[in-house]
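Following this note's numbering, the numbering of the sequence shown begins with 256 at its first residue and continues without gaps.
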Amino acid sequence: MNATTNRFVSSAALALALGSVLAMAATPASAADEAKEKCFGVSMKAKNDCAAGAGTTCAGTSKMDYQGNSWKYVPAGTCEQIKSPTSPTGMGQKVAFQEKM
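Written out as structure tokens, the structure reads:
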């Protein structure tokens with residue numbers, strides 16, 4: 256290939272990549288949210304996603320592993336299949352709970 260052909264191929268590849276990025280950015284947040292659910296009691300200390308309850312303010316503020324009032328986004332339908340040693344059932348919960356010790 257010559258220099259002109261290389262530039263054309265590079266420009267086409269760039270345009271294709273940019274189109275993909277723009278298409279992903281245009282995807283409604285609700286579609287992404289529907290694929291995930293909040294799961295309480297499965298995050299590690301300081302690794303929660305947000306709104307961890309009393310004593311915490313937002314993402315990364317949980318004080319302990321498997322804190323019952325902190326949550327992490329997980330794939331929809333998997334929360335209650337994730338182990339949580341502090342949960343009353345031993346698995347993640349869809350609502351906040353008081354940890355068992």
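A virtual CB, placed ideally from N, CA and C, is assigned to each residue, including glycine.
- DSSP places V297 outside any beta strand (DSSP E), giving it a letter other than H or E.
- The Cβ atoms of A331 and A290 sit closer than 8 Å to each other.
- Excluding the 5 residues flanking it on each side, K349 has same chain C-beta neighbours closer than 8 Å at E292, K293, C294, F295, C334, E335, in chain order.
- Here Y328 has K291, E292, K293, C294, D304 as same chain residues with Cβ atoms under 8 Å from its own Cβ, once five neighbours each way along the sequence are excluded.
- Sorting G315, G323, S339 by C-alpha distance to the C-alpha of F352 places G323 at the top.
- In the three-state scheme derived from DSSP, where H, G and I count as helix and E and B as strand, Q348 is classed as strand.
- Within the same chain, N303, D304, C305 come within 7 Å of A314 by CB-CB distance, once the 5 residues on both sides are set aside.
- Here DSSP, grouped into helix, strand and coil, assigns C313 to coil.
- Annotation for K338: no beta strand (DSSP E) segment contains it, and DSSP assigns it neither H nor E.
- Apart from the 5 residues on each side of it in sequence, M346 sits with its Cβ closer than 6 Å to the Cβ of E335, S339 in its chain, given in chain order.
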